[in-house]
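For reference, the structure is listed below as structure tokens.
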Amino acid sequence: MVRSSFRLVVSLALILALAATVLSIYGALPARSAVGYVVVVDLAHGESPKGLDILAKTLYDGEVYVLLSSEKDLAKLDPVSRSLISGYLIGTFDKMTTPDGKTVTLTSLLTDLLIIPQPTKEFTAEEIQAIKNYLDTRGKAIWLAGDSDYPPGETSIAIVNKILEALGSNLALDYVSLEDPVSNAQAPYRVVALVKPPQSLSFLGFGAEKILMHGPGVVAYRDLATGSWSAIKPDNVPRGISVIAWSSPNGKIVENTAPPRGLLGQAYTAGDTGSFPMVAAQVVGNATIIVSSESPIGDYQPGITAQYYGVMLDGPRFVRNMVLWATGYMGELKYVVSTEKRVRDLEASLSNAMSMIKDLDSKISQLSGQLSSQANQLGSRINDVSNKVSSLENRVNSLSSDLSNSVNSLDSKISGSLNMIYAALGLAVIGLIAGAVALIRSR
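Using our numbering, the first residue of the sequence shown is number 357, and each one after it goes up by one.
If you want it as structure tokens, here you go:
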């Protein structure tokens, strides 16, 4: 009897311990002091859980919860995913409970990012309002992922666009498909998109250059006031929109579900070629809204894929970067941002130094030109003075020669005159002597 009681107590203790363990794995709410960020993934609207295990592993410093439509949907998760997620929720966004029946909301869960990965079931007005309330209250982020117009893709496109419009976002998914005959994983519809964020979000490209977009659509811009649509191009991105991933320049728009079975593209037309937006973001109020034309998880092959048909991809790193940024946690991206800032500061300093050197070089060239001009002027003046000195010297030589000739002529003339004087004096003396002799004789 004692042994039976002891076994009963031990059994109850084991059951309670097991229940506590299950609750801690699947039903615990985030202890914010011990977790970096909270991500809720919607699996209650027909989404596939494919890649959920990779997502949970990638977000190792956060908590990942999934929303299921019912308890029985837990069986759809593989054992690895069930062991990796932080917990699960049951119901809809307006009526959400924990496994033990406690009512919660996205706000009370301290949700930092809500991911809705390619939904195929409609959201009620109450659910959309609950999502809007969360974003208005928490001011955090939502990642809405759609599909191409390949059947039944237009259903997902319409659901995503309805939510985007309700949230006041200008982003939308067009009713077309995108193929790339060059940048792909062994087939044009297995598009390999290029991560090329704007300078302000350059850190999103840290360790991430290429991601898989399996059978994707295209992101467009929608004017909510007029209802008009327009294409987003690399050289004409609307203000307030940040395109994070593009197709290669070889992208091509394809229409897989034309009327009457589906809708035509609103911003893009079949046959259009070029780089097309595949992942974009917009800040509405205090909330960040991310839209992708394929899904980070779920889908036929999710964007979080690291390798596909022999093509190496950066899916896990890209998804982690997006989550760290959207949640505001940043993680290791803080150091990337800091390093990029230092590099930009160094580049600015180097640019300033080069500008100063260029300015000094210009001034040196200008001064050299001035000195050269002055040297030329001085040389010209020296030549002029030299010419004048030479001319003066020639004149002096000429005058000297003339003077010498004049002196010689004068000397000659003086010599002739002296001879005549001497002759006259001689004659005069002779005359005087003759006169004297005559006078003497006459006496």
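All C-beta atoms, glycine included, are put in the ideal place defined by N, C-alpha and C.
Straight-line CA distance for Gly666 to Asp503? Within the sequence shown, numbered from 1, the residue matching residue 666 stands at position 310. Within the sequence shown, numbered from 1, the residue matching residue 503 stands at position 147. Cα to Cα, Gly666 sits roughly 24 Å from Asp503.
Are at least three pairs of beta-carbons, each pair with one atom in the stretch 634–647 and one in the stretch 589–597, less than 8 Å apart? yes
Count the other CB atoms, across all protein chains shown, that sit within 10 Å of the CB of Asp655; report buried if there are 16 or more and exposed otherwise. Position 299 of the sequence shown, counted from the first residue, corresponds to residue 655. By the 10 Å Cβ count, Asp655 comes out buried.
Does the stretch 521–537 touch the stretch 602–615, meaning 3 or more C-beta pairs lie closer than 8 Å? yes
Report the start-end ranges of each beta strand (DSSP E) in the stretch 489–538 that is 3 residues or longer and not cut off at the edges. Counting whole runs of 3 or more residues, the stretch 489–538 contains the beta strand (DSSP E) stretches 497–501, 527–529, 533–535.
Going by DSSP, what residues sit across from Asp398 in a beta bridge? On the sequence shown, residue 398 is found 42 positions in, with the first residue counted as 1. Paired residue(s): Leu423.
Start-end ranges of the beta strand (DSSP E) lying completely within the stretch 567–648, minimum 3 residues: 575–578, 597–602, 607–610, 633–640, 643–648
Ordered list of beta strand (DSSP E) runs contained in the stretch 696–774, each at least 3 residues: None, since the stretch 696–774 contains no complete beta strand (DSSP E) of that length.
Note down the Cα distance separating Ser539 from Val547, rounded to an integer number of angstroms. One-based indexing of the sequence shown puts residue 539 at position 183. One-based indexing of the sequence shown puts residue 547 at position 191. C-alpha separation (whole angstroms): 6 Å.
Cutting at 8 Å between CB atoms, please list the residues of its own chain near Glu696, excluding the five before and the five after it. As a position in the sequence shown, residue 696 is number 340, starting the count at 1. Only Ser558, Phe559 meet the Cβ criterion.
Given that a residue counts as buried once 16 or more other Cβ atoms are within 10 Å of its Cβ, and exposed if not, what is Tyr577? Translated into the one-based positions of the sequence shown, residue 577 becomes position 221. By the neighbour-count rule (16 or more Cβ atoms within 10 Å), Tyr577 is buried.
Measure the C-alpha to C-alpha separation of Leu411 and Ile660 and round it to an integer number of angstroms. Start at 1 with the first residue of the sequence shown, and residue 411 comes out as number 55. Start at 1 with the first residue of the sequence shown, and residue 660 comes out as number 304. When rounded, the distance between both Cα atoms is 7 Å.
In whole angstroms, what separates the C-alpha of Leu580 from that of Leu702? Position 224 of the sequence shown, counted from the start, is the residue given in the question as residue 580. Position 346 of the sequence shown, counted from the start, is the residue given in the question as residue 702. Each residue's Cα considered, the two are about 43 Å apart.
Rounded straight-line distance, which links the Cα of Thr461 to that of Met452: For the purposes of this step, residue 452 is taken as the residue at position 96 of the sequence shown. For the purposes of this step, residue 461 is taken as the residue at position 105 of the sequence shown. C-alpha separation (whole angstroms): 6 Å.
For Tyr545, I'd like the list of residues in its chain whose CB is within less than 6 Å of its CB, leaving aside the five on either flank, ordered along the chain. By 1-based counting over the sequence shown, the position of residue 545 is 189. So the list reads Glu535, Gly571, once near-sequence residues are dropped.
Identify the continuous alpha helix (DSSP H) that holds Val391 and give its terminal residues. Position 35 of the sequence shown, counting from 1, holds the residue named residue 391. Looking at the DSSP string, Val391 is not in any alpha helix (DSSP H), and its letter there is neither H nor E.
If you measure between the beta carbons of Ala400 and Leu424, is that distance less than 8 Å? Within the sequence shown, numbered from 1, the residue matching residue 400 stands at position 44. Within the sequence shown, numbered from 1, the residue matching residue 424 stands at position 68. Yes; because the gap between Cβ atoms is below 8 Å, this pair is in contact.
Between the beta-carbon of Ala497 and the beta-carbon of Phe674, is there less than 8 Å? Residue mapping note: residue 497 aligns to position 141 of the sequence shown, counting from 1. Residue mapping note: residue 674 aligns to position 318 of the sequence shown, counting from 1. The answer is no: Cβ separation not under 8 Å.
Look at Tyr393 and Asp468 and say whether their C-beta atoms are less than 8 Å apart. Taking the sequence shown and counting its residues from 1, the one referred to as residue 393 is at position 37. Taking the sequence shown and counting its residues from 1, the one referred to as residue 468 is at position 112. Their beta carbons are under 8 Å apart, which means Tyr393 touches Asp468 by this criterion.
Using the three-state DSSP reduction, which class does Gly435 fall into: helix, strand or coil? Residue mapping note: residue 435 aligns to position 79 of the sequence shown, counting from 1. Correcting the residue identity first, residue 435 is Pro in this sequence and not Gly. In the structure shown, Pro435 sits in a helix (DSSP, three-state: H, G or I).
Among the residues of its own chain, which have a CB less than 6 Å from the CB of Val366, if the five just before and after it don't count? Residue numbering aside, residue 366 sits at position 10 when the sequence shown is read from its first letter. For Val366, the predicted model reports a pLDDT of 41, less than 50, meaning its position is unreliable and no value from the coordinates is stated.
Check each candidate in Pro405, Ala704, Asp417, Gly402 and name the one with the smallest Cα separation from Asn677. Taking the first residue of the sequence shown as 1, we reach residue 677 at position 321. Ranked by Cα distance from Asn677, the options Pro405, Ala704, Asp417, Gly402 are led by Asp417.
CB of Pro475 within 8 Å of CB of Gly524, strictly: Position 119 of the sequence shown, counted from the start, is the residue given in the question as residue 475. Position 168 of the sequence shown, counted from the start, is the residue given in the question as residue 524. Taking 8 Å as the Cβ cut-off, Pro475 and Gly524 do not qualify as a contacting pair.
Can you list, in chain order, the residues of its chain whose CB lies under 7 Å from that of Ile484, leaving out five sequence neighbours each side? Reading the sequence shown from its first residue, position 128 is the one you call residue 484. Hits under 7 Å: Ile519, Ala522.
Who are the near neighbours of Gly671 in its chain, counting only those whose CB is closer than 7 Å to its CB and skipping five residues on each side? Here residue 671 refers to the residue found at position 315 when the sequence shown is read from its first residue. Hits under 7 Å: Ile567, Leu568, Gly659, Ile660, Thr661, Ala662.
Determine, using beta carbons only, whether Leu470 and Val396 come nearer to each other than 8 Å. Looking up residue 470 in the sequence shown gives position 114. Looking up residue 396 in the sequence shown gives position 40. Contact check for Leu470 against Val396 passes: the beta carbons are separated by less than 8 Å.
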